[in-house]
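J.: Numbering (this note's numbering), first residue to last: 112 to 389. Virtual Cβ for every residue (Gly too), placed ideally from N, Cα, C.
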């Protein structure tokens, strides 16, 4: 792979010299009304900020720490809700898949299909998502060095789909903690990848709370600003109207005002450093 050319996601160019692409939404679909409400809210915020945007939400959180944790409405009902959001709210939609059998149904509904971090090296899944022709968001596994995720990205690109975004979300660091090495963002771009920063999952404290994953929301803004200075092409955040009551990843999620503040800061840094297109 050479230096990263721009890719295309949801009709927008994403890459060096392009506008920041924003992916945001609740971690999981808690109800149809909740998902619709958040999509409308986030559409308004991103329109006000003038950034291209995709709404993200999961129909099934298949990798929860505990088998008793909330997972979501499942494939059929979840995709029905996401399809309604896409049509009625008028926003592009991203969701994740955990097995190859879900790729086809998801591709009929969403604009970007996400490969979860834990599954980033699953060749059949990576290739199936890429062959769908949809945009690909490849989460870098917590166990994968930045320079090594290029091999997973290459699996996707070699199917003939160039529109692959690679998302940093922190690396395992001792027990129940993650760390983000900002050098890795530069290394991934040098490897020819278009790079996104997931500033909310990066503050997770995995499995730290008796069968639940904790998090340090107060550091989201710090990581987002640092990543902006490092030259990311896209920003991923989880947003919930009441994070402390969220059914999944609440400790990592931003409330809407925090989200707007973070994006404003990221845009200001990008403009100051000449990373943001006019």
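#1: If we require 4 or more residues per run, which alpha helix (DSSP H) segments fall completely within the region 273 to 345?
#2: Take the Cβ of residue 353 as the centre, count every other Cβ of all protein chains shown within 10 Å, and call the residue buried at 16 or more, exposed below.
#3: Which word fits residue 174, buried or exposed, when buried means at least 16 other C-beta atoms lie within 10 angstroms of its C-beta?
#4: Locate the alpha helix (DSSP H) running through residue 400, then write down its first and last residues.
#5: Answer yes if the region 329 to 337 comes into contact with the region 143 to 158, meaning at least three C-beta pairs across the two stretches below 8 Å, and no otherwise.
#6: Please classify residue 196: does DSSP put it in a helix, a strand, or coil?
#7: So, are the CB atoms of residue 139 and residue 166 less than 8 Å apart?
#8: My guess is that residue 360 and residue 126 are in contact by the Cβ rule of under 8 Å, so how many angstroms apart are they, rounded?
#9: Quick one: give me the first and last residue of the alpha helix (DSSP H) that residue 144 is part of.
#10: Starting from residue 220, trace the alpha helix (DSSP H) in both directions and tell me its first and last residue.
#11: Taking 8 Å as the threshold, find out whether the region 280 to 289 comes into contact with the region 307 to 318 through three or more Cβ pairs.
#12: Over the uninterrupted alpha helix (DSSP H) stretch that includes residue 213, give me the two end residues.
#13: Let me know the secondary structure DSSP gives residue 234 once reduced to three states.
T.: So, from the data block:
#1: 293 to 301, 331 to 341
#2: The sequence position of residue 353 within the chain shown is 242, counting from 1. When all chains shown are included, residue 353 counts as exposed.
#3: Counted from its first residue, the chain shown places residue 174 at position 63. Burial call: exposed.
#4: There is simply no residue 400 to check, as the chain begins at 112 and stops at 389 in what is shown.
#5: no
#6: Looking up residue 196 in the chain shown gives position 85. Three-state result, residue 196: helix.
#7: As a first step, residue 139 must be located in the chain shown, where it is residue number 28. As a first step, residue 166 must be located in the chain shown, where it is residue number 55. Cβ atoms of residue 139 and residue 166: not closer than 8 Å.
#8: Within the chain shown, residue 360 is the residue found at index 249, counting from 1. Within the chain shown, residue 126 is the residue found at index 15, counting from 1. About 28 Å separates the two Cβ atoms, so there is no contact after all.
#9: The residue labelled residue 144 in the question sits at position 33 within the chain shown. That run of the alpha helix (DSSP H) goes 143 to 160.
#10: Residue numbering aside, residue 220 sits at position 109 when the chain shown is read from its first letter. Counting along the chain, residue 220 falls outside any alpha helix (DSSP H), and DSSP gives it neither H nor E.
#11: yes
#12: As a first step, residue 213 must be located in the chain shown, where it is residue number 102. No alpha helix (DSSP H) contains residue 213, which DSSP labels as neither H nor E.
#13: By one-based count along the chain shown, residue 234 stands at place 123. Helix.
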